[in-house]
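Participant: Residue numbers (the working numbering), protein chains in the order written: chain A, 1 to 250; chain B, 1 to 92.
Dropping the structure in here first, questions after.
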């Protein structure tokens with residue numbers, strides 16, 4: 001990238017960065033593609049599914065040649081073809097409370113693109129505990145929401161959404177539908193924010209819930225406040241998060 | 001007080017497709033009542049049987065979550081903008 005804020009030093013920093021993408025579907029596809037194109041050195045992918053034809057309307061990492069293949073395999077092949085300098089680590093598992101810490105540990109930034117709120121809560125709570133910055137998004141029909149979390153510094157996903165509601169779950173994209181490019185918009189925004197976090201560039205996106213209404217063509221920024229009673233981050237001191245690049249170079 | 005209310009996609013079937021509506025109320029509680037008068041059935045999508053905002057719905061007045069203001073008693077003035085933001089969870 002030739003931007004003044006990036007330059008050679010920034011490009012080198014991206015090569016040393018490690019980003020985990022949870023979900024290689026509608027959100028994870030554009031996010032991972034842009035992260036690989038930008039030269040993020042290590043991209044982890046978490047997805048337990050196989051490519052199905054109904055995915056292809058929006059999950060642009062995959063194609064008809066990959067039908068029936070593990071999504072992580074399909075995604076890795078695509079990303080490595082796009083940028084051979086990027087190392088891709090595939091985790092062909094479903095993320096849950098039992099494996100979340102093991103999956104997230106060691107990464108600098110988490111890009112969350114799963115398809116259910118329970119997983120988003122688990123990723124959030126784990127990222128907060130580990131002190132890892134998180135970019136979480138969600139999509140449905142014509143809309144998208146995005147939140148950047150700097151643990152201990154800004155509101156986390158649980159500050160905004162508190163807990164899983166009782167009763168029927170919020171519908172998934174498969175059930176309620178999603179306009180493909182809306183997933184593209186939100187996943188691309190996730191990549192923008194993840195890159196800024198990797199480069200330690202200032203961002204006021206953290207602390208705000210970004211809501212995109214594709215039907216009305218509007219982007220709204222709402223204030224996301226830290227909730228002092230939050231079960232995930234309420235007890236964290238307000239001293240800011242560990243630096244994104246405090247990691248062992250093992 | 002007359003305010004503009006942003007309606008999210010899942011609720012537009014109740015507002016006859018409108019993404020923005022104008023409603024009146026001195027506070028959020030009255031606003032919800034007025035919205036329900038204009039669009040019957042909208043209240044129960046926002047508020048549960050005990051009168052509390054449903055857990056998966058956040059309401060913002062001028063970009064601030066009302067949970068950090070005065071909840072349903074949050075006062076409104078002419079020209080305020082209210083956003084109804086339900087939790088969504090799709091990603092794949």
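Backbone N, C-alpha and C fix where the C-beta goes; we use that ideal spot for every residue, glycine too.
Where does residue 245 of chain A land, buried or exposed, given buried means 16+ other C-beta within 10 angstroms?
Facilitator: On the first chain, position 245 is the one that residue 245 of chain A refers to. Residue placement at residue 245 of chain A is poorly supported in this model, since its pLDDT is 40, which falls under 50; the coordinates still yield a value, given next. By the 10 Å Cβ count, residue 245 of chain A comes out exposed.
Participant: Answer with buried or exposed for residue 23 of chain A, where buried requires no fewer than 16 other C-beta atoms within 10 angstroms of its C-beta.
Facilitator: Residue mapping note: residue 23 of chain A aligns to position 23 of the first chain, counting from 1. By the neighbour-count rule (16 or more Cβ atoms within 10 Å), residue 23 of chain A is buried.
Participant: Residues in its own chain within less than 7 Å of residue 209 of chain A by CB, not counting five upstream and five downstream?
Facilitator: Position 209 of the first chain holds residue 209 of chain A. 145, 147, 160, 222 and 224.
Participant: Could you please give me the residues that DSSP links to residue 86 of chain B through a beta bridge?
Facilitator: On the second chain, position 86 is the one that residue 86 of chain B refers to. Paired residue(s): B:57.
Participant: I want to see whether chain B comes within less than 9 Å of residue 116 of chain A, judged by CB atoms only; does it?
Facilitator: Residue 116 of chain A sits at position 116 when you count from the first residue of the first chain. By this cut-off, residue 116 of chain A is an interface position.
Participant: Does residue 13 of chain B come within less than 9 Å of chain A when only Cβ atoms are used?
Facilitator: For the purposes of this step, residue 13 of chain B is identified with residue 13 of the second chain, where counting begins at 1. Output row for residue 13 of chain B: interface = no.
Participant: Listing by chain order, which chain B residues have their CB less than 8 Å from the CB of residue 195 of chain A?
Facilitator: Numbered from 1 along the first chain, position 195 holds the residue referred to as residue 195 of chain A. Correct list: empty, because the minimum Cβ distance to chain B is about 19 Å.
Participant: If I measure Cβ to Cβ from residue 251 of chain A and keep anything under 6 Å in the same chain, skipping five residues before and after, which residues do I get?
Facilitator: Since the first residue of chain A shown is 1 and the last is 250, residue 251 of chain A is not available in this structure.
Participant: Under 9 Å, Cβ to Cβ, is there at least one residue of chain B near residue 162 of chain A?
Facilitator: Locating residue 162 of chain A in the first chain gives position 162, counting from the first residue. Yes, residue 162 of chain A counts as interfacial toward chain B.
Participant: Hey, quick one: how far does the beta strand (DSSP E) through residue 112 of chain A stretch, first residue to last?
Facilitator: If you number the first chain from 1, residue 112 of chain A lands on position 112. Segment 109-112, the beta strand (DSSP E) holding residue 112 of chain A.
Participant: Could you list which residues in chain B have their beta carbon closer than 9 Å to that of residue 153 of chain A, in chain order?
Facilitator: Mapped onto the first chain, residue 153 of chain A falls at position 153. Residues of chain B passing the Cβ test: none, with the nearest at roughly 17 Å.
Participant: So, is the C-beta of residue 83 of chain B closer than 9 Å to a C-beta in chain A?
Facilitator: The sequence position of residue 83 of chain B within the second chain is 83, counting from 1. Taking Cβ atoms only, chain A reaches closer than 9 Å to residue 83 of chain B, which makes this a yes.
Participant: Could you tell me which uninterrupted alpha helix (DSSP H) segments, each at least 4 residues in length, are contained entirely in the stretch 126-202 of chain A, listed from first to last along the chain?
Facilitator: Listed in chain order, the complete alpha helix (DSSP H) runs (minimum 4 residues) inside the stretch 126-202 of chain A are 157-161, 173-176 and 180-198.
Participant: So residue 26 of chain B packs on residue 75 of chain B, CB below 8 Å; how close in whole Å?
Facilitator: The count along the second chain starts at 1 and reaches residue 26 of chain B at position 26. The count along the second chain starts at 1 and reaches residue 75 of chain B at position 75. Right, the Cβ-Cβ distance comes to about 7 Å (below 8 Å), so this counts as a contact.
Participant: For residue 241 of chain A, which three-state DSSP category applies?
Facilitator: Looking up residue 241 of chain A in the first chain gives position 241. For residue 241 of chain A, the predicted structure reports a pLDDT of 46, less than 50, and the residue's modelled location is therefore unreliable. The matter cannot be settled from this model.
Participant: Can you give me the C-alpha to C-alpha distance between residue 249 of chain A and residue 154 of chain A, rounded to a whole angstrom?
Facilitator: Along the first chain, one-based indexing puts residue 249 of chain A at 249. Along the first chain, one-based indexing puts residue 154 of chain A at 154. With a pLDDT of only 35 at residue 249 of chain A, under the threshold of 50, the placement of this residue in the model should not be trusted, and no figure is reported.
Participant: So, for residue 156 of chain A: in the same chain, excluding its five sequence neighbours on each side, which residues have a beta-carbon less than 6 Å away from its beta-carbon?
Facilitator: For this step, residue 156 of chain A is matched to residue 156 along the first chain. Excluding sequence neighbours, residue 156 of chain A sits near 124, 128, 149, 232 and 233.
Participant: Which chain B residues sit within Cβ distance under 8 Å of residue 139 of chain A?
Facilitator: In the first chain, the residue the question calls residue 139 of chain A occupies position 139. The contacting residues are 88, 90 and 91.
Participant: Nearest by alpha-carbon distance to residue 90 of chain B: which of A:53, A:236, A:137 and A:45 is it?
Facilitator: Residue mapping note: residue 90 of chain B aligns to position 90 of the second chain, counting from 1. The shortest C-alpha separation from residue 90 of chain B is found at A:137.
Participant: Does the pairing of the stretch 10-23 of chain A with the stretch 31-50 of chain A give three or more beta-carbon distances under 8 Å?
Facilitator: Cβ pair count under 8 Å is three or more, so yes.
Participant: To which residues of the same chain is residue 24 of chain B closer than 6 Å at the C-beta, ignoring the five residues directly before and after it?
Facilitator: The count along the second chain starts at 1 and reaches residue 24 of chain B at position 24. Answer for residue 24 of chain B: 2 and 34, listed in chain order.
Participant: Quick test of your reading: residue 14 of chain A and residue 53 of chain A, contact by CB under 8 Å. State the CB separation rounded to the nearest angstrom.
Facilitator: Along the first chain, one-based indexing puts residue 14 of chain A at 14. Along the first chain, one-based indexing puts residue 53 of chain A at 53. Contact doesn't hold; Cβ gap of about 34 Å is too wide.
Participant: Relative to the C-alpha of residue 181 of chain A, which residue among A:10, A:38 and A:57 is closest?
Facilitator: Residue numbering aside, residue 181 of chain A sits at position 181 when the first chain is read from its first letter. Comparing Cα positions, the closest option is A:57.
Participant: Should residue 72 of chain B and residue 25 of chain A be called a contact, given that it needs their Cβ atoms to be closer than 9 Å?
Facilitator: Counting from 1 along the second chain, the entry for residue 72 of chain B is found at position 72. Counting from 1 along the first chain, the entry for residue 25 of chain A is found at position 25. Cβ atoms of residue 72 of chain B and residue 25 of chain A: not closer than 9 Å.
Participant: Who are residue 64 of chain B's beta bridge partners in DSSP?
Facilitator: Numbered from 1 along the second chain, position 64 holds the residue referred to as residue 64 of chain B. DSSP lists A:223 and B:61 as partners of residue 64 of chain B.
Participant: Tell me which residues share the same chain as residue 81 of chain B and place their Cβ nearer than 6 Å to its Cβ, disregarding the 5 neighbours each side in the sequence.
Facilitator: For the purposes of this step, residue 81 of chain B is identified with residue 81 of the second chain, where counting begins at 1. 4 and 62.
Participant: Buried or exposed for residue 78 of chain B, going by 16 or more other Cβ atoms inside 10 Å?
Facilitator: By 1-based counting over the second chain, the position of residue 78 of chain B is 78. Looking at its Cβ environment, which holds fewer than 16 other Cβ atoms inside 10 Å, residue 78 of chain B is exposed.
Participant: Report yes or no: is there a C-beta of chain B within less than 9 Å of the C-beta of residue 227 of chain A?
Facilitator: By 1-based counting over the first chain, the position of residue 227 of chain A is 227. Interface residue, yes.
Participant: Taking three-plus beta-carbon pairs below 8 Å as touching, is the stretch 71-80 of chain A in contact with the stretch 41-58 of chain B?
Facilitator: The answer is no - the stretch 41-58 of chain B does not touch the stretch 71-80 of chain A, with fewer than three Cβ pairs under 8 Å.
Participant: Between the beta-carbon of residue 90 of chain A and the beta-carbon of residue 61 of chain A, is there less than 9 Å?
Facilitator: Sequence index remark: in the first chain, residue 90 of chain A carries index 90 (1-based). Sequence index remark: in the first chain, residue 61 of chain A carries index 61 (1-based). It is not a contact, given that the beta carbons lie outside the stated cut-off.
Participant: Just verifying my parser: in three-state terms, what is the DSSP assignment at residue 20 of chain B?
Facilitator: Counting from one through the second chain, the residue named residue 20 of chain B turns up at place 20. Residue state, collapsed to three classes: strand.
Participant: From residue 14 of chain B to residue 219 of chain A, what distance separates their C-alpha atoms?
Facilitator: Along the second chain, one-based indexing puts residue 14 of chain B at 14. Along the first chain, one-based indexing puts residue 219 of chain A at 219. Their Cα atoms are separated by approximately 22 Å.
Participant: Which bits of chain B does residue 97 of chain A rub up against, with CB to CB less than 9 Å?
Facilitator: Taking the first residue of the first chain as position 1, residue 97 of chain A is located at position 97. Correct list: empty, because the minimum Cβ distance to chain B is about 17 Å.
Participant: For a cutoff of 9 Å on Cβ pairs, would you count residue 9 of chain B as touching chain A?
Facilitator: Within the second chain, residue 9 of chain B is the residue found at index 9, counting from 1. Yes, residue 9 of chain B counts as interfacial toward chain A.
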